[in-house]
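Each residue of the sequence shown is one higher than the one before, counting from 616 in our numbering. Ideal Cβ positions, reconstructed from N, Cα and C, are used throughout, including at glycine.
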Amino acid sequence: MAIRQILRRSLSSERRCAEVPKGHCAVYVGENEKRRFVIPVSYLNNPSFQELLYQAEEEFGFHHPMGGLTIPCSQDLFTGLICGLSRT
Numbered sequence: 616m617a618i619r620q621i622l623r624r625s626l627s628s629e630r631r632c633a634e635v636p637k638g639h640c641a642v643y644v645g646e647n648e649k650r651r652f653v654i655p656v657s658y659l660n661n662p663s664f665q666e667l668l669y670q671a672e673e674e675f676g677f678h679h680p681m682g683g684l685t686i687p688c689s690q691d692l693f694t695g696l697i698c699g700l701s702r703t
């Protein structure tokens, strides 16, 4: 009985981690090791972000190995971009 409760708790916490709030989307960023970021969809209209999306299209087409939108840039570059966007 206790094992079932532990499994239920771990599965429910995994689901919460995988959920994305309304108005946001998850992207995977990195050149080698990918990290998941949850960003506001409003960022997708920014010209700098559009350039990253174009690079992703060139590299992956419509097949993204992580199962979600994968952006092929360094995590440092990406965090710099989203930090700048969060200030505007």
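The stretch 645-658 touching the stretch 669-677, judged by at least three CB pairs closer than 8 angstroms: no
Spell out the partners DSSP gives Y643 in its beta bridges. Walking along the sequence shown from the start, residue 643 turns up at place 28. Its beta-bridge partners are R651 and T685.
May I have the straight-line CA-CA distance separating S657 from G676, to the nearest angstrom? For the purposes of this step, residue 657 is taken as the residue at position 42 of the sequence shown. For the purposes of this step, residue 676 is taken as the residue at position 61 of the sequence shown. Cα to Cα, S657 sits roughly 22 angstroms from G676.
Would you mind sorting V644 into buried or exposed? The rule is 16 or more other CB atoms within 10 Å of its CB. On the sequence shown, position 29 is the one that residue 644 refers to. V644 is buried by the Cβ-count criterion.
Sequence-distant residues of its chain with Cβ nearer than 8 angstroms to I697 (five each side left out): Reading the sequence shown from its first residue, position 82 is the one you call residue 697. Hits under 8 angstroms: F652, I654 and Y658.
So the alpha helix (DSSP H) T694 belongs to, where does it begin and stop? Indexing the sequence shown from 1 puts residue 694 at position 79. Where T694 is concerned, the enclosing alpha helix (DSSP H) stretches over Q690 to R702.
Helix, strand or coil: how does DSSP classify V635 here? Taking the sequence shown and counting its residues from 1, the one referred to as residue 635 is at position 20. Three-state result, V635: coil.
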